[in-house]
Amino acid sequence: MPDIILSNVQKSYGGSGPNAVSDLNLHIGNGEFMCLLGPSGCGKTTTLRMIAGLENLTDGEIRIGEQVIDSPAQGKFVGPEKRGMGLVFQSYALWPHLTIERNIDFGLRLRKLPKPEREARVAKVMAALGIEKYRGRYPSQLSGGQQQRVALARMLAVNPGVLLLDEPLSNLDARLRLEMRAELKRIHAEFHTTIIFVTHDQWEAMTLATSIAVMNEGTLQQIGSPNDIYERPANRFVAEFVGSPPINVIEMGKGHALDRAAQDWLRPRLGDAARVGSVGLRPEALQLASSEAGVPAGSFAHPATVTGILPTGGSWIIELNVEGRVIFLTTTSCPTLTGGEAVWLYARPTAIHAFDGDGQRLAGADEALARAEGGVQIVRKA
Amino acid sequence: MALADQDITGPVSGRARLRYRLRLMLREPTTLIGILMAALFLYLIVVPILSILTDAASVQFGDERRTGAELGSFTLYYLRRAFTSPVAYGLFWLPLLNTLKVGFGAIAISVVVGGILAWLIARTDMFGRRWFATALIVPYMLPAWTFALAWTTLFKNRTIGGQPGWLESMGFSPPDWLAYGQFPITIILALHYTPFVILLFGSALRRFDSQLEDSARILGASSRTVAWQVILPLMRPALMSAVVLIFAKCLGEFGVPYVLGLPVKFDVLATSLYRSIGSRQTGVAGVLAGAIMLIGMIAILVDAYLAREARRFVTVGSKGSMNRASRLNRLRLPATGFASTIFVISVCLPILTLALSTVMRRPGSFALSNFTLDFWIGQDLPTVAMRTGILLSPDLWQAAWNTIWIVGIASVCSGVLGILTGYVVVRTSSRPLSVFMRQVTFMPYLVPGIAFAAAYLSLFAVARGPVPALYGTTMILILALMADQMPYASRAGISAMMQLGKDPEEAAQVVGAGWLRRMTSVVIPIQKGSLVTGVLLPFISGIKGLSLFVILAVPATDVLTTFSLRLVDYNYTQAANAVVLIIAGIAYGGTLLAQKLTRTNLAEGLGS
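Those protein sequence lines, which keep their order, are chains A and B. Sequential numbering of the first sequence, starting at 1, is according to full-length UniProt numbering. Sequential numbering of the second sequence, starting at 1, is according to full-length UniProt numbering.
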């Protein structure tokens, strides 16, 4: 299937409320596994439904390759039944009055395929998803995970060019979710289809997607590979939304000891002209030293008090207090700390995310901090 | 340059946008069906109401001289006549006062009795509470005037002619206040609407979280304090809602005051309206119908307001709610006795009385020789009319057949229209259409049946445009019944479609199914059950309905209810009671069938 291109897509539901989606540009390449990630109400499901044709646009256009499938300005709209896509609903939306086999067969009958071919295709997808033994049952007789597979099979049977998935895993328990994630990856590889996947779960997005589009309040925040999103968040929203426990943010100019220290540390490295609005430190990028002497040279460091140690099984979350501010740190090595202990916390220069006053990633800061990191290493060698 | 560009593309893109909207609208027939149905409802619901309101303010046929104006011109004559003239007291104010007296009396009794019963059933360890939960609802399944006929069978005195009541024939002469008028009407309406309180109040009590009670107890509150300061304040919205709904129902109640009020000229608004129509005072009838509608509307709006208020109590039905039965201990037996007494008074006694009365020649005489099956299956009886038992009377079978096919067609139509309304409301892309459909189908709910019937009479009594005069035809009955049932049918349809959601249909759409295919292969098969209920429930309420028929039916279109009323008028007590028993039996059996088919409790259907 050719690429799917969304240009300046707008969606409003009328009234004076804000746009559900505004000025969205997306390019989804053939064979991509694209994940739309964002908090609830951010417009990700609306976007998916617009691609499917279940919602129409207020403005902008959607194309499949060269063919315009939805454009108010050109007066064009191709109905969902003619787009050749597959959509798996969050609720699965299996037809309760049809058996599993008939559910899967439904789309094939509509295409008026000869019976042997229909049977072959139904058998093939049922085998691929391991649901052959339920063929005669009704949806209400299946568990959530099985229904999920049927919903997928029903769409895969018609061989869609694009498979759209609307939070398909959110109704499953943790173990099944893990299984289905692996399953989805396998299906993506086996059926060579483009997949667009909507979720609010960052781990789902990180583990599955080849690229992630982070949305908030109807606008696209950042689009990139999972690593990009995590390591170089384009703005504070992305930085704070992705990652758990969430990134520690130090607001500048609040007069707190920590932000004064951060400013003092940043000024020589970024130059006086840099307007830093806030600084983000991921919990796992923070480290602890028992005294100032233990802090590697060139790091950003500050004294702190340990106020809590929370084991999460295999790793630990350490809660620190820096003059009244709470900072979280995670570590995978068993800490030998006790509550109330005075420590030093520090971060390497490249672990620091600097944002400007509007919350956008500060231009040039990454390069400057990388240079600082390099500088430290030279010092060390010497 | 930029300006010139806009000048060229502006209108072009504007036209394209219009084309886009049009294409979206016409892509699916949903909106088109919606518009057609909206027009139908406009004609069947809105226009009759407007028509009767116009009647109230324009000169009617035959009144030209009295009003000194031309036929059809604007006049305040009828308003003055109903509200300020010397006859206004008897025409409007006294019936209004009587309606209020009867209504509030019935409300007071049913709230106290129903409230206690609801609590006993929902929250205590009373014996047989599960059985009582169903048994005490039975009075609502029976037509209210079943009780009125039972009452006259027992208490009728020598004030009016015909067969005397049992007490009279046994030698006790019941006073008029006991036999007719306000007292029996109040009691009967109270008994009939007590199930309403049990259902509404009971379901609120069941949802009530015991933890709220426990918290108060732990803080040291006595059980009396808990009842007055925790439970009752939280229950108030449900209680108020029951009060308002009972009031609205009493307002349109016709059968009971007709049977029990007439002998002592105790008029309520519904009977006064009936009389105005009977004496061809169309203008005054319009005013009275308008007044009833207005009061009904105010009541429902108050209810809507209360329902909104109730939403503030978010804790009710919260997560982790639990409901624990209180122990009655020593009161367990007396409580069970109380519930049994109410059951005996409101179900056993009236049914038994009616049943016995149909097999007794002389009322109140329990000698074996007095019993006969003649009134059911007798032949060549020595009476003027009704020379055969009721079951052998062709009139009964004609009326029964009329009932079944008139009510049947109306119910099937309203059931189908209800599902379609639900579909359009949930699925159309046009919000105004959806809102209009929701509201217009709800309108008859605000209008008591008798006023609605009067409205139909006003619109369809004469030929208007291409529509011929429908009075006297079965068509007018079917249309009126259909419109009258739309609030229930559309609500059932909307909630069924809401419950179904868009997803199953959209899933079919995505795999390539067009509209027709989705309707036939997905929507209708899934909604089969609610379609059956949507037909059956209106059918039951239509069979026991009286107020619509009493105004719109003529002898040729007699249904069971009007047939029995006619028998009452002719003083064929046994036959009338027998017909009422048949109706009650059908209504009761139908309700049970509906419950069984839908595996639901009546409580849900009534709450709406």
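For each residue, glycine too, the CB sits at the ideal point set by N, CA and C.
Around the beta-carbon of B/Tyr-305, fewer than 16 other beta-carbon atoms lie within 10 Å, marking it exposed.
In the structure shown, B/Trp-145 falls within a helical segment according to DSSP collapsed to helix, strand and coil.
Under DSSP, the beta-bridge partners assigned to A/Thr-330 are A/Ile-317. Between B/Val-302 and B/Val-244, the C-beta gap is smaller than 8 Å, which places the two residues in contact. Sequence-distant partners of A/Asn-30 (beyond 5 residues in either direction) whose C-beta falls short of 7 Å from its own C-beta, in its chain, are Met-1, Pro-2, Asp-3 and Thr-194.
Sequence-distant Cβ neighbours of A/Asn-171 in its own chain, meaning closer than 6 Å and more than five residues away, are Gly-144. Taking the Cα positions, B/Glu-506 is about 25 Å away from B/Thr-533. Around the C-beta of B/Ile-292, 16 or more other C-beta atoms lie within 10 Å, and the residue is accordingly described as buried. Shown in chain order are the members of the segment 89 to 101 of chain A whose Cβ falls below 7 Å from a Cβ of chain B: Phe-89, Ser-91, Ala-93, Trp-95, Pro-96 and His-97.
Using beta-carbon distances, B/Tyr-423 does not count as an interface residue toward chain A, since no partner is under 8 Å. When CB distances to chain B are screened at a threshold of 9 Å, the residues of the segment 158 to 177 of chain A falling below it are Val-158, Pro-160 and Leu-164, in chain order. Under the Cβ criterion of 8 Å, A/Ala-73 is counted among the residues facing chain B. By the 16-neighbour rule on beta-carbons within 10 angstroms, B/Tyr-89 is exposed. Scanning A/Tyr-138, A/Pro-72 and A/Arg-111 for the CA closest to the CA of A/Ile-100 turns up A/Tyr-138. Under the three-state reduction of DSSP output, A/Asp-59 falls in the strand class. Contact between the segment 184 to 201 of chain B and the segment 244 to 256 of chain B is present: three or more C-beta pairs spanning the two stretches fall below 8 Å. Residue contact check for B/Arg-427 against chain A: no CB pair falls below 8 Å. The beta carbon of A/Ala-153 sits no closer than 8 Å to any beta carbon of chain B.
The shortest CA-to-CA distance from B/Ser-429 to any of B/Ala-108, B/Arg-27 and B/Arg-19 is the one to B/Arg-27. Under the three-state reduction of DSSP, A/Met-34 is assigned to strand. Among the CB atoms of chain B, none fall inside 8 Å of the CB of A/Ala-285. Below the 7 Å Cβ cutoff, chain A contributes Asn-56 and Phe-77 as neighbours of B/Leu-24, in chain order. Between A/Ala-363 and chain B, the shortest Cβ-Cβ separation is not below 8 Å. For A/Leu-286, the beta-bridge partners assigned by DSSP are A/Ala-347.
Chain order gives the chain A residues near B/Pro-504 as Ala-93, Leu-94, Trp-95 and Pro-96, where near means a beta carbon separation below 8 Å. Under the three-state reduction of DSSP, A/His-97 is assigned to coil, being neither helix nor strand. Legend: CB atoms of the segment 523 to 537 of chain B lying less than 9 Å from CB atoms of chain A belong to residues Pro-525, Ile-526 and Lys-528.
In this structure, the beta-carbon distance from B/Ala-553 to B/Leu-477 falls below 8 Å. In this structure B/Pro-143 is not in contact with B/Phe-155, their Cβ atoms being roughly 19 Å apart against a cut-off of 8 Å. Between B/Leu-189 and B/Val-102, the CB-CB gap stays under 8 Å. Closest in C-alpha terms to A/Glu-183, from the list A/Asp-59, A/Asp-358 and A/Ala-128, comes A/Ala-128. A/Pro-18 does not reach chain B, its nearest Cβ partner there being about 18 Å away, counting only Cβ pairs nearer than 8 Å. Taking the C-beta atoms as reference points, A/Cys-35 is found no nearer than 8 Å to A/Thr-305. Rounded to whole angstroms, B/Arg-123 and B/Ala-325 show a C-alpha spacing of 5 Å. Straight through space, the alpha carbons of B/Thr-152 and B/Ser-346 are spaced by roughly 15 Å.
In the three-state reduction of the DSSP assignment, B/Asn-98 falls in the helix class.
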